[in-house]
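A short worksheet on the structure shown next.
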Amino acid sequence: MAIVIVGMLDEREEGLRILKGCIEGRGHKTILIDISIGTGAITSSLKADITCEELAQAGGTTIDKIKDMLAKKRDKAISTMAEGLGKKLVDFYQVGELQGIIAVGGMTGTFISLSAMKLLPFGVPKLLISSVTAMPAYAKRLAEYFGVRDITVMHSVVDTVGLNPLVRSLMVNGAGAICGMVEEYVPPQKEEKPSIAITEFGFCDKGAHYVREFLEENYNIVSFHATGLGEKAAGELVGQGLFEAFIDLVPAGFSEYLLGGNRAAGPDRLDAGCNQNIPYILSPCGFDMISCGPIQRRDEDDSLWVSRKLAKRKLLIQDAIRVQARTSPEEMQTIARAVAEKLNKHENKKLVKFIIPTKGFSSISVEGGSLYDPISDKTFIDEIRENLDPEIDIIELDTHINTPEFARAVVDALEQTLQER
């Protein structure tokens, strides 16, 4: 088995040579993969185990055609090399040759490496040394990778071209980090207790606590913070078949996607729960709000604030960054219909349970809360009843989400569904 090293030899030969030597000096074999696309000026004397030509071929083309694309189709050139690298990494992993991976890159190298590294399973040591990860303009794009994959990032501060004391230090530290990760790696073990995924955030923290408390004796509970990215991560791992059930207390990444909120998790937010043959227990927590901070957007003619007239709504201003606006009856109707359309596609609808705490979907929409609006909540309840397939159980509770009674209903629904599966 070996540690895979990824980088552009025509730009970063010196640093990659140091990195390779340090890793091999600790007794590890290496596989050096060259992701050069012809933008560098170095004619490397360091021999790659997998050349850029081989990567281009794995991506369905040649390195000469990749170079020809750079002027007008640079994005295609980069995505093709990333595809080729991804295929090579997956092949190495599947035949048991890949212990871990470390990549070094600037902008292009970072995107090629991340696009491929994200194909490796959870737990496989992954380290990226990059000079661009802290750039504000690219942070959101890069977060799409970091948010759903366990990729460790070392921000290099300086560019990693050439060789100087700072670059040398980065390579030595990077080698030590990936070697340590590989040496201490323990593959995920099949536990005696089944694992269950749960989404949660601060507005249902007590309810989630009660659910975990009721389940932890017999189950391993893995929590995901419902920030949009956290929900994407949950979907990725649920989709990999790591869990016996999915308790989706906060599926709000879907409603945020529909409405344009900060916590949007994309159009496929509910798909993992619907596509796996496991119990899928949901609540409407988070559908009662739109995350729309920072508050300065209110005064800047922000498109979301203007189009949805958020300034005229009930608001919870937690601080200058975090702001929640109440969803309207019309928006709740839209959310309910879209959620029902998703859930109705489940092939085994008996595995789906929708639990509704009618006295408050979250801590801030209970009576006396900042976003209390029983008319909007009732609109959602009526619409989900009307549109959800009759085979899917809707369980309405005369309580709010942060109560032991709600948690007990979630647990009872889960255990009943597990028994009937």
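Following the working numbering, the numbering of the sequence shown begins with 3 at its first residue and continues without gaps.
C-beta atoms are modelled at their ideal positions from N, C-alpha and C, and glycine is treated no differently.
| Check | Outcome |
| --- | --- |
| Starting from asparagine 389, trace the alpha helix (DSSP H) in both directions and tell me its first and last residue. | 376-389 |
| Measure how close the beta-carbons of threonine 336 and leucine 260 come, nearest whole angstrom, since I'm counting them as under 8 Å. | 6 Å |
| From which residue to which residue does the beta strand (DSSP E) around leucine 317 run? | 317-319 |
| Assuming leucine 122 contacts leucine 91 under a Cβ cut-off of 8 Å, what Cβ separation, rounded to an integer in Å, is found between them? | 6 Å |
| Mind checking whether valine 134 and valine 413 have CB atoms under 8 Å apart? | no |
| Could you check the C-alpha separation between glutamate 369 and aspartate 375 for me, to the nearest Å? | 8 Å |
| So threonine 82 is in the beta strand (DSSP E); what residue range does that whole segment cover? | It is not in any beta strand (DSSP E) - threonine 82 instead sits in the alpha helix (DSSP H) that spans 76-96. |
| Specify whether the segment 47-57 and the segment 190-203 touch according to this definition: at least 3 beta carbon pairs, one from each stretch, less than 8 Å apart. | no |
| Checking 8 Å against the spacing of the C-beta atoms, do lysine 344 and cysteine 276 come in under that value? | yes |
| How long is the line joining the alpha carbons of serine 367 and glutamate 417, rounded to whole angstroms? | 28 Å |
| Say whether the segment 24-39 touches the segment 170-189, bearing in mind that this needs 3 or more beta-carbon pairs closer than 8 Å, one atom from each stretch. | yes |
| Tell me, to the nearest whole angstrom, how far the beta carbon of isoleucine 397 is from that of alanine 411; I am working on the premise that it is less than 8 Å. | 6 Å |
| Please state the DSSP three-state secondary structure of lysine 69. | helix |
| Looking at the secondary structure, which residues open and close the beta strand (DSSP E) in which aspartate 273 lies? | Taken as a continuous stretch (DSSP letters only), aspartate 273 belongs to no beta strand (DSSP E), being part of the alpha helix (DSSP H) at 273-277. |
| Please state the DSSP three-state secondary structure of glutamine 191. | coil |
| Are the segment 264-276 and the segment 288-308 touching, with three or more C-beta to C-beta distances below 8 Å? | yes |
| Should leucine 11 and serine 46 be called a contact, given that it needs their Cβ atoms to be closer than 8 Å? | yes |
| Please list, in chain order, all residues of the same chain as threonine 63 whose beta carbon is under 8 Å from its beta carbon, the five residues on each side excluded. | Thr82 |
| Taking 8 Å as the threshold (C-beta atoms), are glutamate 233 and glycine 255 in contact? | yes |
| CA-CA distance, proline 406 and aspartate 207? | 12 Å |
| State the Cα-Cα distance for the pair arginine 315 and valine 126, rounded to the nearest angstrom. | 46 Å |
| With distances taken from CA atoms, which of Ile283, Asp270, Gly17, Leu306 is nearest lysine 351? | Ile283 |
| Would you grab the beta carbon distance between serine 158 and isoleucine 131 for me? Rounded to a whole angstrom, and I think it's under 8 Å. | 5 Å |
| Residues in the same chain with beta-carbon distance under 8 Å from isoleucine 198, minus the five sequence neighbours each way, listed in chain order, please. | Leu217, Tyr221, Asn222, Ile223, Val224, Phe245, Glu246, Ala247, Phe248, Ile249, Leu416 |
| Might you give, ordered along the chain, the residues of its own chain that have their beta carbon closer than 7 Å to the beta carbon of glutamate 15, omitting 5 neighbours on each side? | Ile44, Ser46, Leu48 |
| Any idea what DSSP makes of histidine 348, helix, strand or coil? | coil |
| Here's a check: name, in chain order, each residue in its chain whose Cβ is nearer than 6 Å to the Cβ of aspartate 395, leaving out the five neighbours to either side. | Lys355 |
| Determine the direct distance from the alpha carbon of alanine 84 to that of arginine 143, and round the result to whole angstroms. | 16 Å |
| Report the rounded CA-to-CA distance for serine 38 versus threonine 154, giving the unit in angstroms. | 23 Å |
| Take the Cβ of proline 281 as the centre, count every other Cβ of all protein chains shown within 10 Å, and call the residue buried at 16 or more, exposed below. | buried |
| Phenylalanine 94: which of Ala4, Gly371, Ser305 sits nearest, CA to CA? | Ala4 |
| Would you say the beta carbon of alanine 274 comes nearer than 7 Å to a heavy atom of the ligand MN? | For the structure depicted, the ligand MN is absent and the ligand set is empty, with no information on it obtainable. |
| Are the CB atoms of serine 378 and arginine 328 within a distance shorter than 8 Å? | yes |
| Going by beta carbon distance, what residues of the same chain come within less than 6 Å of glycine 209, once the five residues before and after it are set aside? | Ile403, Asn404, Phe408, Ala409 |
| Out of curiosity, what's the CA-to-CA distance linking valine 97 and arginine 170? | 33 Å |
| Can you tell which of Ala338, Leu399, Lys22 has its C-alpha closest to the C-alpha of isoleucine 358? | Leu399 |
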